[in-house]
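J.: Residue 0 is where the sequence shown starts when you use numbering that gives the first Met the number 0, and the numbers rise one by one after that.
Beta carbons: idealized from backbone N, C-alpha and C, even for Gly.
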Amino acid sequence: MIKRMSMAFICVLAIFFTYESVLAGVLFGRIINADGSPVAKQEMTVEGKKIRTNEFGGYEVELADGERQLKVTINNKPYTSEKIAIYSPRTKQNWRIEAEQLKKIR
């Protein structure tokens, strides 16, 4: 009886972790300043995850799927993004820093 319950519990955990990993997508793209120059080689925090842009302002971060405004910190300055929908496996979005907000580049 205990072995069956243990196996059932392990199966439930395996399904849970598989389901959770499917719901995580990668958000990627470029971030530029208002003048068009890249936000190059900068440490930033996106939804609590620390990342670094490349020399072209490119970034990549794994986030849960869904629609929301992102909380981003660049050079200790907080920004809020326009609303974005993130879908697995990858979502591309380029951004322009304007005042206190990250604006989508369409």
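Residues in its own chain within less than 8 Å of Asn75 by CB, not counting five upstream and five downstream?
T.: Nothing listed; no residue qualifies.
J.: Which first and last residues belong to the beta strand (DSSP E) in which Pro77 is found?
T.: First-last of the beta strand (DSSP E) with Pro77: 76 to 80.
J.: Whole angstroms are fine: how far does the CA of Ile85 sit from the CA of Glu25?
T.: At residue 25 the sequence reads Val, which differs from the Glu that was named. Whole-angstrom Cα-Cα distance: 8 Å.
J.: Using alpha carbons as the reference points, say which of Gly56, Ile50, Lys48 lies closest to Ile96.
T.: Considering only alpha carbons, the answer is Gly56.
J.: So, with DSSP's three-state summary, where would you put Pro37?
T.: Here Pro37 sits in strand by DSSP.
J.: Please say whether Glu46 and Leu62 have beta carbons closer to each other than 7 Å?
T.: Yes; because the gap between Cβ atoms is below 7 Å, this pair is in contact.
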